[in-house]
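What follows is a set of notes on a single structure, which appears directly below.
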Amino acid sequence: MPENDTLSTVPISLDGREVQASPGQLLIAAAEEAGVYIPRFCWHPRLRPVAMCRMCLVEVEGMRGLQPACYVPVKEGMEVRTQTPLVKKVQEGVLEFLLLNHPLDCPVCDRGGECPLQDHTMSFGPGESRFVEEKRHFEKPVPINNLVLLDRERCIQCARCTRFASDVAGDPLLEFASRGNDLQVTVFPDEPFSSYFSGNVVQICPVGALTSIPYRFKARPWDVTIAETTCGGCAVGCRGALSETRNRLIRFLGVDNDAVSWGWLCDKGRFAYEYVGSENRLTVPLFREETAAADAFSEVSWAEAVERIAEQIQEVKGAGGNIAAIGGARLTNEEAYSLSKFMRVVCGTNDVDCQLDDGLPADFVAGARNRAVINDFAKASVIVLAGPDLKEELPVLYLRVRDAVVNQGVPLFVIGPPQSGLTDFAKKVFDTPAAFDPVLLPIAGDVVLIVGRQSAAQDAEAQSTWALGLSEQLGERVKLLPILRRSNVHGAIDMGLSPSLLPGRVTVDDLEARERLAQVWEGEFPPDPGRDCREILDAAVEGKIDILFVVGADPLTDFPDPVMARRALERTSFVVVLDLFPSSATRFADVVLPAAGWGEVSGTVTNLEGRVQRVAAKVTAPGQAASDAQVFREIAEHLEVDFGCGTPEATLREIAQVAPAYQGVSLSRFRGKKGKEGVLVGEGRVAPRTSSPFEKDARPLGNGFRLHVGRAFWDRGTLVSECPSLSGLRPGPIVRVHPEDLAFAGITDGSSVRVLDEDPAGRLDLLRTVVADERVPLGTVSVPHNQDEPFVIRVGATVTLERID
Amino acid sequence: MAELVLTRRMLDRPHDSWTLDAYHEMEGYQGLYRAVREMTPEQVHAEVKASGLRGRGGAGFPTGTKWGFVPKDIFPRYLVVNGDEGEPGTFKDRMLMERDPHSLVEGILISCYALQSEHAFIYIRGEMGHAYERVVRAVEEARAVGYVGKDIGGTDFSCEITVHKAAGAYICGEETALLSSLAGYRGWPRLRPPFPAVKGLYDKPTVVNNVETMCNMPWITRRGGAAYAEMGTERSPGTRIFCLSGHVNRPGNYEIELGTTFRELFERWGQGVRNGGRVKAFVPGGASAPWFDASKLDVPLDMDVLGKEGSMLGSGAVMVMDQDADIPRAVWRLVKFFAHESCGQCTPCREGADWLEEILERMLDGHGRPQDLDLLFDVCDNISPGLNWPPAQTTICPLGPSATAPVWSTIRLFPEEYKRLVTGAHTSLASSAPAGAEPAGVTADA
Ligand SMILES: Cc1cc2nc3c(=O)[nH]c(=O)nc-3n(C[C@H](O)[C@H](O)[C@H](O)COP(=O)(O)O)c2cc1C
Ligand code: SF4
Ligand code: SF4
Ligand code: SF4
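So the protein sequences, as listed, match chains R and E. The numbering of the first sequence is the numbering used here, which starts it at 1 and goes up by one. The numbering of the second sequence is the numbering used here, which starts it at 1 and goes up by one.
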């Protein structure tokens with residue numbers, strides 16, 4: 001639903017009292033803003049009104065009969081009565097009707113204690129039941145997918161879930177069947193409610209008819225404590241409320257804010273809290289024994305770990321060696337800032353990179369001018385989307401684009417591989433940026449340009465220079481939104497976890513910024529850009545990196561060349577891994593430090609719009625796991641550097657002081673109604689890079705297919721694999737190919753194929769099951785990333801498909 | 001008696017009235033040619049207005065006025081003809097479609113011309129296979145000779161007709177549910193506004209009219225609206241087909257002039273009550289209408305008068321019950337129908353209609369409780385506050401209130417029949433109807 005236009009209001013009479021309301025706003029919302037709560041079940045502020053439950057009937061002067069307040073828009077001078085005897089009688093009547101067939105099994109219902117039906121019955125309901133007949137019976141509960149159960153006896157037929165599925169998620173797989181008293185919510189035969197957003201229907205169901213399997217019977221509302229926070233699942237930064245009981249996270253619910261998520265969460269974000277309590281968490285610092293064989297680690301104390309790392313740093317620095325860090329996208333802004341500061345002032349290097357050569361150039365991301373925010377989508381004259389499949393990678397961003405396109409009618413151009421759920425609504429789809437002709441754009445109005453890395457095999461430089469070229473061509477009309485995927489990667493870049501950037505969206509050679517930093521940071525660091533992730537790993541392969549910090553990242557799965565990443569780690573004399581879980585990188589570590597993560601560390605994060613939002617600590621980290629910030633500070637202090645940054649609050653104050661784009665960001669700005677929307681950071685001073693026309697993609701040669709490597713929503717990442725409820729959901733090792741291409745190649749859907757790089761130097765050689773998918777462009781082989789063993793991805797790669805019998 | 005507008009052809013040519021040849025021999029398609037060749041669309045519309053014709057689907061809304069609600073400059077616009085006829089006791093549209101399908105086709109073409117619509121849809125109840133075949137055939141015949149299709153009658157007026165066979169739900173007769181169903185969606189009534197005239201089929205301006213309403217159009221264009229308005233009463237002009245059923249000697253479809261009394265309908269056309277009995281109660285206008293007792297026999301068949309008397313002419317279904325009728329059982333049967341046919345969208349209708357059915361069933365099974373009468377009233381009141389006619393409603397469409405009308409109207413008229421069910425003295429009513437409780441009924445005229 002669009003934002004309320006609060007600029008112009010008109011007077012209406014509400015129960016005899018004059019109040020101000022926006023014309024066109026629904027009465028039910030206007031009354032609520034004026035402090036009058038009109039009871040309702042089917043109305044939801046983010047769903048199309050249907051006026052089915054009939055609970056919100058009111059009297060409006062001059063309109064015949066009772067009017068549903070959820071459907072009637074405000075008009076100037078309207079006289080509304082919400083408390084008349086007739087209204088009250090009808091409310092009681094509707095509640096009585098709803099309770100006739102309701103099983104009243106509240107004591108064993110997850111919703112008990114926080115159920116609108118219970119609450120309304122207390123406030124508006126009849127005293128006792130006059131119903132002596134037999135209630136409706138259904139088999140209960142029935143699973144509608146792997147995460148959600150349906151109890152049709154509790155259902156009050158409000159159509160919130162069905163509207164969410166079809167109108168919001170675009171997965172119209174929940175429907176009503178039958179009619180009258182038999183009316184029931186159902187999935188189609190043999191077709192579960194397969195949606196990445198299925199948990200939302202549990203949250204918006206006004207009764208306990210839909211419950212989530214992970215939360216089922218876990219707690220009662222009065223046993224839990226709750227804190228508002230921001231999801232760390234991806235860079236969208238959805239708001240949510242995190243519940244804890246006995247130091248365990250048990251539930252994450254969406255919280256409505258207007259700017260970002262509207263209360264929605266994707267299923268990964270919603271249920272991934274399970275990984276926080278996983279038994280596989282790292283809990284003690286580990287050191288590799290010098291003489292022992294691989295994988296032989298011994299536990300050490302934090303003090304010893306800090307001391308030994310500090311000694312190494314001192315030694316390497318003394319000998320003029322190289323220290324580098326990769327990763328950091330998992331961290332809060334405050335932790336990322338601490339890492340950034342640590343690398344500069346303690347290690348004296350700019351060799352830091354929070355991206356693993358799988359995103360976009362950091363200066364393009366941090367330097368974008370005239371940025372779009374999500375709320376610009378619905379107001380744009382057109383949206384041009386040149387990025388990864390949003391539904392798979394940035395799910396709630398997909399919902400917002402979908403709303404703008406499908407519900408608000410904003411035209412959409414898609415450039416690149418198809419967007420599930422959006423391509424069907426696009427005005428036109430282009431295979432490559434080179435094929436897109438700006439002449440097609442409307443001649444006036446804002447153009448929102450969303451730019452991301454479409455495929456790990458795509459040239460990110462070319463993609464960003466193309467985007468800048470298009471922006472230059474269109475001038476002021478363009479609002480650019482560069483999007484990266486991983487958790488707080490945008491915040492990490494803003495904190496200077498990039499070889500060419502310092503905190504606050506400035507370049508490392510920015511004199512003003514360096515001067516200001518010099519007042520706070522004691523320690524020297526070079527004025528030239530350092531090595532990026534690929535260069536760091538390259539140098540490491542050559543034995544030129546002496547200490548490598550790997551912070552919440554796994555180059556062996558996420559870097560496009562896992563073979564090289566492995567060799568790099570093997571050849572680095574001292575590898576320090578800070579993480580939540582053992583990973584393929586920890587196998588090559590010399591020190592493994594247990595980190596505290598989401599739900600355990602408080603602070604701020606920055607989403608892909610550049611919106612700073614708070615994250616809360618709700619449980620204590622397991623064992624001796626500690627915040628990354630604390631680790632870096634302790635090492636620094638061991639080396640007698642006055643590091644500061646003792647608490648997240650102090651760190652944020654320092655960020656606001658030294659990081660130009662973060663000036664004025666302070667905790668007080670997150671309070672109140674406005675604070676719910678977070679704080680947008682300002683523009684930095686990164687000089688726009690030069691644009692260049694997009695070079696024609698290497699078209700497939702001979703029998704070759706263009707390689708596309710995209711992320712799938714469910715993968716092997718810890719967010720999924722460490723959650724018992726989610727780990728079974730990934731599609732597995734498949735490749736997707738257009739059915740016509742398959743037919744031409746004589747390969748049948750579902751058979752095994754070998755995917756081989758055409759370039760003999762390419763080293764890509766995969767065995768996979770092939771799935772025919774007509775959404776994949778002709779001439780393309782699409783391989784979802786991180787489904788099983790990692791493989792080598794060459795930019796611009798073309799591959800052959802071979803049938804294996 | 002006025003001349004027959006709707007049933008003359010089927011009475012004159014019982015063996016082939018549905019063929020194009022027969023229809024041609026009885027002034028067939030002359031109204032269409034007159035309209036498209038000699039009149040402007042506005043003139044045709046003006047004639048329909050002048051006729052005073054009111055819709056025959058149930059609500060009795062003046063057709064010419066309804067057509068005027070279509071926004072002037074939005075195209076395309078559609079005409080949708082409601083042939084879903086599902087109201088219990090109503091069986092006139094089926095007869096018209098089976099026996100006089102060409103008058104329907106001609107009426108549609110004339111109406112489309114007046115509305116400047118180039119596409120009409122006929123939505124025919126799924127169970128009416130025979131009617132469907134006859135209408136499809138009539139459209140084909142008409143297309144073959146150029147009445148349907150491009151450049152009709154050598155003019156630049158073109159019109160397509162699509163015949164759609166429905167899937168069998170009473171609620172799809174409600175016009176907005178019908179439009180949803182026709183477009184391939186679930187047959188649920190929609191909230192208004194927007195009204196179909198502004199945003200109907202495929203979100204385009206749409207007029208929905210009943211089959212019988214359409215069948216009047218050839219006559220009105222041939223003879224003029226004024227001639228039509230001379231028949232019937234001032235506010236209910238013309239003739240209408242009444243579907244007479246129940247305890248009369250000769251049930252059937254009768255086209256009679258509006259303004260005739262119920263007594264005349266029962267005596268002259270129905271040939272009196274069976275076995276020389278008396279009228280105890282009757283349903284004046286379809287299952288949705290509040291019932292009357294014999295004191296209303298001299299009420300004229302006039303939409304406005306009936307409205308003032310607290311009921312309606314509705315779909316034209318008149319059901320007669322004699323002194324032996326078990327009123328609560330008959331009411332229970334109707335309520336059961338509505339409960340079964342509720343679309344289930346609104347809480348009061350979905351839950352309430354079913355509850356009413358269950359309470360009545362329990363009472364009929366001998367388990368009535370003293371509080372049940374108040375309960376029945378109150379449940380009705382929560383669906384249709386005030387229990388008046390035309391009804392107030394807590395629901396989206398009028399089906400919910402329809403389910404209550406038989407209940408509260410008969411509890412008011414025949415309280416003793418219900419009281420007997422709550423005192424536990426209930427046996428079989430057929431043999432124990434208290435004489436003298438009802439006013440005198442009509443007797444068969446010899
Ligand atoms: C529950 C319900 C069922 C209805 N069923 C029919 C029907 O079967 N046929 C019909 O013509 N109108 C039916 N109507 C009336 C239509 O909604 C609509 O008013 C009518 O088709 C308009 O045509 P008219 O103006 O020519 O009468 C029904 C209305 C309701 C509320
Ligand atoms: S399952 Fe819940 S959300 Fe869905 S219709 Fe029933 S009560 Fe409403
Ligand atoms: S879209 Fe991203 S931020 Fe939002 S809930 Fe999903 S994973 Fe979390
Ligand atoms: S009143 Fe009954 S039939 Fe009409 S919309 Fe509501 S539930 Fe459906």
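C-beta: ideal position from N, C-alpha, C; glycine also. Here the structure is a predicted model, which means the values were calculated and not measured.
### Query
DSSP state of R/Y37, grouped into three classes?
coil
#### Entry: Between the CA atoms of R/V508 and R/E806 - distance to the nearest angstrom
Any answer about residue 806 of chain R is impossible in this case: the structure gives chain R only from 1 up to 805.
### Query
Comparing alpha-carbon positions, which option in E/A339, E/T162, E/D304, E/E3 lies nearest E/S402?
Closest in alpha carbon position to E/S402, among E/A339, E/T162, E/D304, E/E3, is E/A339.
### Query
Can you name the start and end residues of the alpha helix (DSSP H) that R/P555 belongs to?
555-558
### Query
Applying a beta-carbon distance threshold of less than 7 Å, which residues of chain E neighbour R/R130?
Here the neighbours are L375.
### Message
By DSSP's criteria, R/D171 is part of a beta bridge. Which residues make up the other side?
### Response
In the DSSP assignment, R/D171 forms no beta bridge with any residue.
### Query
According to the neighbour-count rule (16 or more other Cβ atoms, all chains shown, within 10 Å of its Cβ), is E/W332 buried or exposed?
E/W332 comes out buried.
### Task
Find the nearest neighbour of R/L778 within the set R/P784, R/P760, R/V737, R/D805, judged by alpha-carbon distance.
Per the C-alpha coordinates, the member of R/P784, R/P760, R/V737, R/D805 positioned closest to R/L778 is R/V737.
### Task
Check the Cβ of R/G65 against every Cβ in chain E and list those closer than 7 Å, keeping chain order.
A392, Q393
### Message
Given the structure, does R/I213 come close to ligand 2, in the sense that its CB is under 8 Å from one of the ligand's heavy atoms?
### Response
no
### Query
Are the C-beta of R/N101 and some C-beta of chain E separated by less than 9 Å?
yes
### Spatial distance of R/I156 from E/R186 (CA atoms)
19 Å
### Query
Any chance the segment 111-124 of chain R sits against the segment 87-95 of chain R, with 3 or more Cβ pairs inside 8 Å?
yes
### Task
Can you tell me the Cβ-Cβ gap for R/I811 and R/V148, rounded? I've got them flagged as a contact below 8 Å.
In the structure as shown, chain R begins at 1 and stops at 805. Residue 811 of chain R is therefore absent and cannot be evaluated.
### Query
Which of the three DSSP states, helix, strand or coil, is assigned to R/Q787?
coil
### Message
Cutting at 7 Å between CB atoms, please list the residues of its own chain near R/T9, excluding the five before and the five after it.
### Response
Same-chain partners within the cutoff: Q20, A21, S22.
### Inter-residue CB distance, R/L537 and R/A568 (contact presumed, cutoff 8 Å)
4 Å
### Task
State the start and end residues of the unbroken alpha helix (DSSP H) segment that holds R/P482.
Per DSSP, R/P482 belongs to no alpha helix (DSSP H); it is in the beta strand (DSSP E), 478-483.
### Query
Where does the unbroken beta strand (DSSP E) through E/M319 begin, and where does it stop?
Secondary structure note for E/M319: its beta strand (DSSP E) is the uninterrupted segment 317-322.
### Option nearest R/L441 by Cα separation, candidates R/Q473, R/S278, R/E335, R/Q419
R/Q473
### Task
Flag this pair as touching only if the segment 480-497 of chain R and the segment 326-334 of chain R have three or more C-beta atom pairs under 8 Å; answer yes or no.
They touch, by the three-pair rule.
### Short CB-CB distance (under 9 Å) between R/K88 and chain E
Not one chain E Cβ lies under 9 Å of R/K88.
#### Entry: Classification of R/G475 by the beta-carbon crowding that lies within 10 angstroms, buried from 16 upward
exposed
### Task
Mind checking who E/G149 pairs with in its DSSP beta bridge?
E/C159
### Any chain R beta carbon closer than 9 Å to E/P385
E/P385 counts as touching chain R.
### Query
Is E/I327 near ligand 2, with its Cβ less than 8 Å from a heavy atom?
no
### Message
Check for me: the alpha helix (DSSP H) holding E/I383 runs from which residue to which?
### Response
Note, E/I383: alpha helix (DSSP H), 372-383.
#### Entry: Local conformation of R/C533 per DSSP, three classes
helix
### Message
Tell me which residues of the segment 248-276 of chain E have at least one Cβ-Cβ distance to chain R shorter than 7 Å, keeping chain order.
### Response
none
### Query
Leaving out five residues before and five after R/L578 in sequence, what residues of the same chain have Cβ atoms less than 6 Å from its Cβ?
V551, L593, A595, D628
### Query
Ends of the alpha helix (DSSP H) at E/I220?
E/I220 -> alpha helix (DSSP H) spans 217-223.
### Task
Please decide whether R/L701 counts as near chain E, where near means a Cβ-Cβ distance under 9 Å.
Below a pLDDT of 50, predicted positions are generally treated as unreliable, and R/L701, at 47, falls in that range; the measurement from the model is reported next regardless. Chain E, which has no Cβ nearer than 9 Å to the Cβ of R/L701, makes this no.
### Message
Looking at ligand 3, does it come within less than 8 Å of E/S342, judged from the CB to the closest heavy atom?
### Response
no
### Task
List the residues of chain R whose Cβ lies closer than 7 Å to the Cβ of E/I352, in chain order.
The question names Ile, yet the displayed sequence has Gly at residue 352 of chain E. Per Cβ cutoff of 7 Å: F97.
### Query
Roughly how many whole angstroms lie between the Cα atoms of R/R130 and R/N101?
12 Å
### Message
What does the alpha-carbon distance come out to for the pair R/E61 and R/L173?
### Response
Approximately 41 Å, taken between the alpha carbons.
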